[in-house]
Amino acid sequence: MCGIFGIIGKYDESKAKSALAKLAHRGPDSCDIIQKQNLFFAHQRLSILDINKRANQPLHVENTLLSFNGEIYNYKELKKELSSEYLFTTQSDSEVIIAAYKKWGIDFVNHLRGMFAIALLDNEKLYLFRDRLGKKPLFYMQTKDSFIFASEIKALIPFLQKIEMDEDALLSYLSFLAPTPPFTFFKDIKKLGSGEYLSYEALHVEVQNYYNILDTKPNIIRCRDEAISKLETTLKESIDMRLDSDVPMASLLSGGIDSATINYNAKQNNKELQTYTIGYENFAKYDERQNAKDTADFLGVQNKAIEINQNSFIDASEKVLDTLDEPLNDPASVPLYLLFEEIKKDGYKVVMSGEGSDELFLGYRQYFEYLDIESLGAIKNKNWLKRYFKNNFSQNREWEHYKRIFEDSTLFRTSGENFTDLQKNQLLRLHVEDNQALKYLNKYLTNFKNSLHVEPSSWYSYIDLQLFQAEHFLTKLDRVSMAHSIESRTPFLDHKLIETVFSLEPKLRYQDGVTKSLLKEIMKEKLDTKILSRKKKGFANPYMEYLVNSKKIKLIQEVNKQTQLFKEEKLAEYINGAKSGAFKQHIWGLYVLSVWIKKYLL
């Protein structure tokens, strides 16, 4: 895992090197630059495969330059295929990317299996690629004289003429916990979405999709036994591929089925990973240490737990919010940051993590609740119900769901949906129309409607992978792990595994009413029944208790006095609700936003 950075066009050398240095944490092992007039092309390397300096980047082959962040897990197979046409001089996966591009042009990206952010300069034309599932970030901006790209926003901020908040980023963040592509909170900085590539030449920027999950045909596999067999094979293959490393590896362990599945398969592959778990002082209801210890004992692996208290959480939160560069509404980023800090101290550079399993195998109970509500859309005479819900507003989440289904609007808008449009309209000193947030989903809704997929559960998984995972969970995972120069690998988010899931008859995933039914079936002979039946905690933590007890929550109203962004009375209502256990995610999101506003706008 690494940091990439480049400027095409005019630049100041000192300013460019200073910006690049802001990415040093992503690649502390080496820093190399190719520079000449109107070109600054750089790379910060975290050595994982072929740690010899011969594999340092940028790679320069003929008229092509490469700066690459990520891992290509099928690079050995590709290398074998390409070796008759290309003379390899390293054992790295980055050289395979160059060789693949030389053979297949920009179609090379469809041959890669892995996670990546890639910058390729071919003569005067620049290509940027973000991997299919959005595991690796890529940001860009264009000035009057230059085009600039980077792995993190912090390296682009120095090139802004002034800092302004992007309204679309704000509104999509309030709705979906993170800004939706291409928006960032910095008005002139954009991000590539998952499965997108950008081309830049002669001052012209074009962004296109190269991958769409929905191109996978549904209903290819209709038999449950066949589904389980194919999923088991592909999942094992995905985990095995991600165990290849020339440096020490570890794994997160929660006590649930996802991390247990990864560690079980690693052990079967003769890789016993050191595992890590988080606990909270005086908050047993959030604590997973005992569950993780039981799982580790069952699997026969070593487990190390760290304990977090209010002081360590609050102290770390400032570093974390600075690391993220822009608001991201996920309080789990703080304990995860502290966990990776401990992993770094123990000398590990690669960590396995279980993101993506819930979206693929329907691990959220709310998926089943939404499916129940969807059935009400078939009611023929629902005009009275439509009028009733429209005229009788409630803050209750279920009210919003029924209103949508009776007005034939899109019901499910990601598992991370936070503020509804009507809530935003009540809170903000902006006029927000009902269903305004669909603006940020329209691209995905169009893709879904134009595909062969029609079943609601397929939409749930698709949009959650695109936004809830790529822009929320994976953004968190990338930033907090790379802050400590650690590469995170997520075997459930392998595109071959995802395509297998989307090729199933959809009801196979939910017809028995059990969350993660297919994954539990795969692992029932391999894991203890306690692990299979354990209630999901989902990295829950006492963030609101800490925020209230530390009085940090006051910052929201203090910042609002200066910005007047929110209506005071409604803001106070939300804060009081959070103190009694309601609207917790809403208030954490407003706190994170307030920290950012104070730093960059006040």
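Quick note: the sequence shown, position 325, residue 307 per my numbering, numbers continuous.
Where a beta carbon is used, it is the ideal one built from N, C-alpha and C, also for glycine.
By DSSP, does residue 104 sit in helix, in strand, or in coil?
Here residue 104 sits in strand by DSSP.
Distance, Cα to Cα, residue -14 vs residue 574?
Taking the straight line from one Cα to the other gives about 27 angstroms.
Comparing alpha-carbon positions, which option in 546, -4, 195, 230 lies nearest residue 609?
Missing from the structure shown is residue 609; the chain here goes from -17 to 584 and no further.
From the DSSP output, read off the bridge partner residues of residue 230.
Bridge partners of residue 230: none, in fact.
Roughly how many whole angstroms lie between the Cα atoms of residue 557 and residue 186?
So the alpha carbons of these two residues sit roughly 46 angstroms apart.
In angstroms with no decimal places, state the Cα-to-Cα distance between residue 251 and residue 18.
C-alpha separation (whole angstroms): 47 angstroms.
Output the distance between the C-alpha atoms of residue 143 and residue 167, rounded to the nearest integer angstrom.
Cα to Cα, the separation comes out at about 15 angstroms.
Is residue 10 helix, strand or coil when you go by DSSP?
Strand at residue 10.
One question on the structure: do residue -11 and residue 3 come within less than 8 angstroms of each other, judged by their Cβ atoms?
No, these two residues do not count as a Cβ contact at 8 angstroms.
Do residue 114 and residue 52 count as a contact pair if the criterion is CB distance below 8 angstroms?
The answer is no: Cβ separation not under 8 angstroms.
At what residue ranges does the segment 506 to 553 contain a whole run of the alpha helix (DSSP H), taking only runs of 4 or more?
511 to 515, 525 to 531, 536 to 545, all fully within the segment 506 to 553.
Would residue 312 and residue 454 be called neighbours here (beta carbons separated by less than 8 angstroms)?
Yes. Within cutoff.
In whole angstroms, what is the alpha-carbon distance linking residue 425 and residue 191?
So the alpha carbons of these two residues sit roughly 11 angstroms apart.
Under the DSSP definition of a beta bridge, which residues are partnered with residue 50?
In the DSSP output, where bridge partners are listed per residue, residue 50 has 100.
Quick one: is residue 370 buried, meaning 16 or more other Cβ sit within 10 Å of its Cβ, or exposed?
Classification of residue 370: exposed, given that the 10 Å Cβ count is below 16.
One question on the structure: do residue 264 and residue 275 come within less than 8 angstroms of each other, judged by their Cβ atoms?
Contact flag unset, no.
Could you give the distance in angstroms between the alpha-carbon of residue 106 and the alpha-carbon of residue 48?
Those two C-alpha atoms are separated by around 13 angstroms.
Between residue 257 and residue 184, what straight-line distance do the alpha-carbon atoms span, to the nearest angstrom?
Each residue's Cα considered, the two are about 50 angstroms apart.
Looking only at its chain, what residues have a beta carbon closer than 7 angstroms to the beta carbon of residue 224, apart from the 5 residues adjacent to it on each side?
Here the set comprises 55, 334, 471, 473.
Does DSSP classify residue 568 as helix, strand or coil?
Residue state, collapsed to three classes: helix.
Output needed for residue 117: all residues of its chain with C-beta closer than 6 angstroms, excluding positions within five of it in sequence on either side, in chain order.
Contacts found: 97, 456.
Among 235, 295, 492, -8, which one has its Cα closest to the Cα of residue 352?
That would be 492, whose Cα lies nearest to the Cα of residue 352.
Ordered along the chain, which non-local residues of its own chain (more than five positions away) have a Cβ less than 8 angstroms from that of residue 344?
350, 439, 442, 443, 491, 492, 497, 498, 499, listed in sequence order.
Do residue 547 and residue 461 have their CB atoms nearer than 8 angstroms?
No, the Cβ-Cβ distance between residue 547 and residue 461 is not below 8 angstroms.
On the criterion of 16 or more Cβ atoms from any shown chain inside 10 Å, does residue 205 qualify as buried, or is it exposed?
Classification for residue 205: exposed.
Cα separation between residue 89 and residue 281?
Cα to Cα, residue 89 sits roughly 42 angstroms from residue 281.
Suppose the cutoff is 6 angstroms on Cβ atoms and the five residues either side in sequence are ignored; what does the same chain contact list for residue 254 look like?
If we look at residue 254 and ignore the five residues flanking it on each side, its Cβ neighbours are 283.
Tell me the DSSP secondary structure of residue 125 in three-state form.
In this structure, residue 125 counts as coil in the three-state DSSP scheme.
Within a Cβ cutoff of 7 angstroms, which residues of the same chain sit near residue 68, ignoring the five residues on either side of it in sequence?
Result list for residue 68: 81, 84, in chain order.
What is the rounded straight-line gap between the Cα of residue 12 and the Cα of residue 40?
So the two alpha carbons sit approximately 11 angstroms from each other.
Checking 8 angstroms against the spacing of the C-beta atoms, do residue -9 and residue 121 come in under that value?
It is not a contact, given that the beta carbons lie outside the stated cut-off.
Considering just the uninterrupted stretch of the beta strand (DSSP E) at residue 181, what are its terminal residues?
Unbroken beta strand (DSSP E) run through residue 181: 178 to 183.
Looking only at DSSP bridge pairs, what is residue 147 linked to?
Answer is 168.
To the nearest angstrom, how far is the alpha carbon of residue 127 from that of residue 112?
Each residue's Cα considered, the two are about 24 angstroms apart.
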